[in-house]
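Participant: Dropping a structure here in structure tokens format, bear with me for questions.
Residue numbers (the working numbering), protein chains in the order written: chain A, 414 to 595; chain B, 67 to 274.
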């Protein structure tokens, strides 16, 4: 479950920002129910799949901006500021304005995912807009759970080339997400 | 796609974080060298420019630029505010205004207008400072786009102040005017114009 204090999240992101992929996965996994809880507690009139879209857009933003966290500062205010920015933005682009007083974030209960029959996320529509090779790399690693090494072998690329392509693809996804419906 | 699947892709892209400050400083420095290398040979460096005069004229824009950079870097973090750098930003025009007050006190009232007008290069100053600042503004906005400002208009304005300050500092090598009143008025207006462009560009360029 989500860590209760500041310490675990701080340690995880600190390790992640030094390149530790396992710590980073643990950080994002711990952060997801917090983001979902905030999105769900603030929005009304949006379906359950819209919340999960907002969660994924926010995770992409956290990913792109993770270097803006200063390690000597607590991670939660930073995290809440990003979540607030993306959730307000996501609701605005869906035509709903939402007020998000940041002081309340700590009181929001983390939320588990809801049953979602389609699982056809906005992020997948964004992946469709990538060039085919970049889209293939993102799908192999996310949907098939392949490692970078396996993906490289499968596509006849070097690992470095796969990493670079993945990095650019995620950056483009975040940008497309911020521009969508703008 | 389930969110766990997305997290797998994000985690596979884990890499050491690149800090913001070097990126902004290097971008500004590179653009400043480029602008100086193009503009100064074209405009000409003033021949009678002693180190004391140069220091007096370049110090204020340099401090302004530094405060602008520090403030913009702070604001590039989503959870930060401008902080004390804002005080430094406000202090520079106040200090120059203090110098103008001293200058005016030593002049008859009839001479004040002439001190502001200088010897007729105001139009050049007002045109060239913003013109020279535009590449700097572009470079600093590019660098700041890697940040996560939640107040992109203000961030753009700060980038404009920093860029205008650096451009004014470069222009000072050419400028023939030495009165604080000229300096405050025309350099100030030039920098304000750049700050305005930055404030308008910020929300478009710094979206995330």
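Using N, Cα and C, we set each Cβ at its ideal position, and we do this for glycine too.
Using the rule of at least 16 other Cβ atoms within 10 Å of the residue's Cβ for burial, across every protein chain shown, is residue 143 of chain B buried or exposed?
Facilitator: It is buried - the Cβ of residue 143 of chain B has at least 16 other Cβ atoms within 10 Å.
Participant: Who are the neighbours of residue 362 of chain A on chain B, taking C-beta pairs under 7 Å?
Facilitator: Since the first and last residues shown for chain A are 414 and 595, residue 362 of chain A lies out of range.
Participant: Quick one: any contact between the stretch 67-78 of chain B and the stretch 180-193 of chain B, if contact means 3 or more CB pairs under 8 Å?
Facilitator: The answer is no - the stretch 180-193 of chain B does not touch the stretch 67-78 of chain B, with fewer than three Cβ pairs under 8 Å.
Participant: Taking DSSP's pairing of strands, which residues face residue 431 of chain A in a bridge?
Facilitator: Paired residues: B/82.
Participant: Output yes or no for whether 7 Å exceeds the beta carbon distance between residue 127 of chain B and residue 235 of chain B.
Facilitator: A contact, by the Cβ cut-off of 7 Å.
Participant: With distances taken Cα to Cα, identify the nearest neighbour of residue 462 of chain A among B/80, B/149, B/136, B/69.
Facilitator: For the residues B/80, B/149, B/136, B/69, the minimum Cα distance to residue 462 of chain A belongs to B/69.
Participant: Could you check which residue in A/589, A/580, A/507, A/524 has the C-alpha nearest to that of residue 546 of chain A?
Facilitator: Minimum Cα distance to residue 546 of chain A is reached at A/580.
Participant: Would you call the stretch 206-216 of chain B and the stretch 178-185 of chain B touching, i.e. three or more CB-CB distances under 8 Å?
Facilitator: Result no; under three Cβ-Cβ pairs closer than 8 Å.
Participant: Would residue 475 of chain A and residue 452 of chain A qualify as a contact pair, given that the criterion is a beta-carbon distance under 7 Å?
Facilitator: No. Outside cutoff.
Participant: Anything in the stretch 455-477 of chain A with a Cβ closer than 9 Å to a Cβ of chain B? List those residues in chain order, please.
Facilitator: Answer set for the stretch 455-477 of chain A: 465, 468, 469, 472, 473, 474, 475, 476, 477.
Participant: Any Cβ of chain A within less than 7 Å of the Cβ of residue 218 of chain B?
Facilitator: Not one chain A Cβ lies under 7 Å of residue 218 of chain B.
Participant: Taking the C-alpha atoms as reference points, what is the distance between residue 91 of chain B and residue 84 of chain B?
Facilitator: Cα-Cα distance, rounded: 13 Å.
Participant: Which of the three DSSP states is assigned to residue 242 of chain B in this structure?
Facilitator: The answer is coil: DSSP assigns residue 242 of chain B none of H, G, I, E or B.
Participant: So, is the C-beta of residue 572 of chain A closer than 7 Å to a C-beta in chain B?
Facilitator: No, residue 572 of chain A lies away from the interface with chain B (no Cβ there is under 7 Å from its Cβ).
Participant: Using the Cβ count rule (16 or more neighbours within 10 Å means buried), how would you classify residue 264 of chain B?
Facilitator: Residue 264 of chain B comes out buried.
Participant: Nearest-angstrom Cα distance between residue 481 of chain A and residue 145 of chain B?
Facilitator: If I take the Cα positions, the gap works out to 9 Å.
Participant: Straight-line CA distance for residue 427 of chain A to residue 267 of chain B?
Facilitator: Those two C-alpha atoms are separated by around 33 Å.
Participant: Under 7 Å between C-beta atoms, does residue 213 of chain B make it to chain A?
Facilitator: Yes, its Cβ sits closer than 7 Å to a Cβ of chain A.
Participant: For the putative contact between residue 288 of chain B and residue 434 of chain A, defined by C-beta atoms under 8 Å, what is the C-beta separation to the nearest angstrom?
Facilitator: For chain B, the structure presents residues 67 to 274; residue 288 of chain B sits outside this window and is missing.
Participant: Name the chain B residues whose beta carbon is nearer than 8 Å to that of residue 558 of chain A?
Facilitator: Per Cβ cutoff of 8 Å: 71, 74.
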